[in-house]
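In what follows, a single structure is set out as structure tokens and then discussed.
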Ligand code: HEM
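Residue numbers (my numbering): 1049 to 1526.
Okay, here's the thing in structure tokens:
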């Protein structure tokens, strides 16, 4: 598993990627290596973009079907490189991370929040925010999470049909605002905030993706409007919090009071606590902190609906609790944990991680030149039969202790890895676990949509691997 705080796992017995001179510090020969190739079976590079637009997930699988290091071409944007082996992930995210940078598009979209900044500035921001996201701090949000999940799910009627993904989007936004941002959203209101949070994804819509970053488009105009709505809301919350926030950061209970308190205490002299930066930070957290959890939950409910034997084991576990799940039940939900682990393996919300090379780098005897875009296709690796038996089958049972210990390091990386691993992963896992258990005790959710011929749910990948919008589920009371 990736090197996160759930415990690093030693490398397993799956094949290692060939080592490169650059990995051992002898970089002199990199310049003479051939460029990573276009896989011939993809056809002419001018056609790659059509395949990518038709189905980005299938295209990624095709690119890496016969090789771990490859190049593809997207007309209008140029060449992209990709490396699909956990050993390469480890080099990019951990051991050689200084040779790679974040890509520019996120920064243009989100300014100077934690997701985008680099170097010293990133370290400072991460140090400031980390205390709010440790396992202990996150446990403090648990009751608030359950309250928000219940508040919304209690309104569901027996026999109701609805777009589950849309409902869960509202729910995860309720949770994020009530816990991290300290403001309870109205159940049937705050539409402008809900819509704005949704439109933050429009920056990455396929229709705009291939345009130069400076070029306006309807989707980008929606993105700009959404960002300014959320920035105004962030400013309003900041103004409200001013004067109220504790000056001792350890007393802060949410992001807002932490940031405002630090500023009032004059804790840092950098510009990172300016109004503008704080607004960027809050918009970043809203973007990164709810859609990914929505996606995980939607696919988990899809998996429960499509795998009766999994549903049965899950129900037996949640039904054995004394009452509606509380924080004291967390240790009694091991199957719910593995259900989530398997969901994040088969349907990682972030299906590929983008980076840019800061210098020429060798992978498997090929060269990826400086300043090129490099993709780390998480979903491809998490479905690679070299690391997971029967990889496209949904099998929570595979996550035994022995399997985790033997799993190749970085073969499972739904939250990324290395120092820039998702800061919100403990938050997301706790929220998803509590939401699954709370809803699963009260309701069955039946999938009314159609899987594709291979048994996969219909997906519409943008920045995250979402299910196609409008997919209906039927709710029945248990
Ligand atoms: C299942 C849910 C989630 C998934 C799958 C997920 C996935 C990821 C991934 C893959 C990264 C690494 C990006 C990279 O290296 O380029 C990341 C970073 C990040 N995530 Fe998450 N995330 C989730 C939930 C959350 C939540 C709930 C929050 C906040 C409340 C959050 C906030 C962030 C932030 C701020 C970063 C940037 C961290 C840094 O660069 O230091 N995420 N996430």
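Idealized CB from N, CA, C, for every residue including glycine.
Taking every protein chain shown into account, the CB of residue 1166 has fewer than 16 other CB atoms within 10 angstroms, so this residue is exposed.
In the displayed model, residue 1495 falls within a strand according to three-state DSSP.
In this chain, the alpha helix (DSSP H) harbouring residue 1101 covers 1093-1102. Leaving aside the five residues that flank residue 1413 on each side, none in its chain has a CB nearer than 6 Å to its CB.
In the DSSP assignment, residue 1515 falls within the beta strand (DSSP E) that extends over 1513-1515.
Sixteen is the threshold: since fewer than 16 other Cβ atoms of the shown chains lie within 10 Å of the Cβ of residue 1520, the residue is exposed.
In the structure shown, residue 1290 falls within a coil segment according to DSSP collapsed to helix, strand and coil. Between the region 1372-1381 and the region 1415-1434 there are fewer than three inter-stretch CB-CB distances shorter than 8 Å, so the stretches are not counted as touching. Where residue 1405 is concerned, the enclosing beta strand (DSSP E) starts and stops at 1401-1405. Under the three-state reduction of DSSP output, residue 1200 falls in the helix class. Residue 1089 is classed as exposed because its beta carbon has fewer than 16 other beta carbons within 10 Å across all chains shown.
Between the alpha carbons of residue 1264 and residue 1152 lies a distance of about 17 Å. For residue 1464, there is no enclosing beta strand (DSSP E), as DSSP marks it with neither H nor E.
Residue 1373 and residue 1216 have their C-alpha atoms some 18 Å from each other. When the Cα atoms are used, residue 1230 and residue 1482 turn out to be separated by approximately 19 Å.
Apart from sequence neighbours up to five positions away, the residues of its chain that approach residue 1244 with a beta-carbon distance below 6 Å are 1274, 1277 and 1278, ordered along the chain.
The DSSP-derived three-state label of residue 1519 is coil. Out of 1135, 1389 and 1508, the CA that lies nearest to the CA of residue 1066 is found in 1135. Inter-residue distance for residue 1282 and residue 1343 is about 24 Å (C-alpha atoms, whole angstroms). For residue 1240, the distance from the CB to the nearest heavy atom of the ligand HEM is not below 8 Å.
Within the region 1098-1157, the alpha helix (DSSP H) runs of at least 4 residues that lie entirely inside it are, in chain order, 1104-1111 and 1134-1138. Leaving aside the five residues that flank residue 1145 on each side, the residues in its chain whose CB is nearer than 6 Å to its CB run, in chain order, 1466.
The shortest C-alpha to C-alpha distance from residue 1464 to any of 1400, 1240, 1103 and 1356 is the one to 1400. It is roughly 44 Å from the alpha-carbon of residue 1385 to the alpha-carbon of residue 1082.
Judged by pairs of C-beta atoms under 8 Å, the region 1301-1310 does not touch the region 1435-1447, as fewer than three such pairs exist.
Distance from the CA atom of residue 1487 to the CA atom of residue 1280, rounded to whole angstroms, is 34 Å. Taking a C-beta distance under 9 Å as the contact criterion, residue 1122 and residue 1097 qualify as a contact pair. Residue 1213 counts as buried, since at least 16 other C-beta atoms from the protein chains shown sit within 10 angstroms of its C-beta. Per DSSP, the continuous alpha helix (DSSP H) segment holding residue 1473 begins and ends at 1473-1490. In this structure, the C-beta of residue 1311 stays at least 8 Å away from each heavy atom of the ligand HEM. In this structure, the alpha-carbon of residue 1156 lies about 39 Å from that of residue 1444. The ligand HEM never approaches residue 1427 closely enough for any of its heavy atoms to be under 8 Å from the residue's Cβ.
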